[in-house]
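Undergrad: Take this structure first; my questions come after.
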Amino acid sequence: MTLSKNFQISLQVSVSAILIFSLILYLPSKSGSLAVGLLPSSNSSDQSVKGTKMVIGSKPPGCVNKCMNCQPCKATLVIPPHQNKGFRTAARREDDSYYLLSWKCKCGNKLFQP
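Next up, the structure:
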């Protein structure tokens with residue numbers, strides 16, 4: 001009889017812990033975004049709007065002290081130059097519109113690795 005009562009108590013504690021954990025994980029936070037992996041945008045002109053706008057993609061790197069004492073050092077998106085690959089280009093037409101984007105730190109006309 002004691003074993004079954006201990007089992008019932010531990011089962012109730014386990015179910016309660018799982019319920020609390022799932023509520024914390026899936027309920028919206030105060031900012032309106034879900035607590036799981038969504039970032040609100042930081043657009044200052046949209047702060048008057050009650051809801052938050054979600055941003056998809058990577059965020060720019062911190063470029064502090066990355067430009068060898070050049071000021072201002074700002075993050076920028078860089079598209080590598082399109083290379084002509086000869087006969088392979090004719091065989092792969094679907095790759096013509098694909099460009100890989102990457103983040104770099106820029107100061108003046110010079111690019112630096114973040």
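Read left to right, the sequence shown gives residues 1 to 114 (full-length UniProt numbering). Glycine included, each C-beta is placed from N, C-alpha and C at the ideal position. If you're wondering where the values come from, they're calculated on a predicted model, not measured in any experiment.
Got a sec, what are the start and stop residues for the beta strand (DSSP E) Leu77 sits in?
TA: Counted from its first residue, the sequence shown places residue 77 at position 77. Counting along the chain, the beta strand (DSSP E) containing Leu77 begins and ends at Lys74 to Val78.
Undergrad: What does Lys112 pair with, by DSSP beta-bridge criteria?
TA: For this step, residue 112 is matched to residue 112 along the sequence shown. The question names Lys, but residue 112 in the sequence shown is Phe. In DSSP, Phe112 forms a bridge with Cys105.
Undergrad: Distance check for Ser58 and Lys5, CA to CA, integer angstroms please.
TA: Against the sequence shown, residue 5 aligns to sequence position 5. Against the sequence shown, residue 58 aligns to sequence position 58. Distance between the alpha carbons of Lys5 and Ser58 is about 52 Å.
Undergrad: Helix, strand or coil for Asn65 per DSSP?
TA: Here residue 65 corresponds to residue number 65 of the sequence shown, with the count starting at 1. Note: Asn65 maps to coil in three-state DSSP.
Undergrad: To the nearest angstrom, how far is it from the Cα of Ala17 to the Cα of Cys70?
TA: By one-based count along the sequence shown, residue 17 stands at place 17. By one-based count along the sequence shown, residue 70 stands at place 70. Distance between the alpha carbons of Ala17 and Cys70: 53 Å.
Undergrad: What do you reckon, are the CB atoms on Val78 and Lys104 nearer than 8 Å?
TA: On the sequence shown, residue 78 is found 78 positions in, with the first residue counted as 1. On the sequence shown, residue 104 is found 104 positions in, with the first residue counted as 1. Closer than 8 Å, so yes.
Undergrad: Any idea if Lys106 is buried or exposed, counting beta-carbon neighbours within 10 angstroms, 16 or more meaning buried?
TA: To locate residue 106, count along the sequence shown from 1; it is residue 106. Result: buried.
Undergrad: Distance, Cα to Cα, Pro114 vs Lys66?
TA: Counting from 1 along the sequence shown, the entry for residue 114 is found at position 114. Counting from 1 along the sequence shown, the entry for residue 66 is found at position 66. So the two alpha carbons sit approximately 6 Å from each other.
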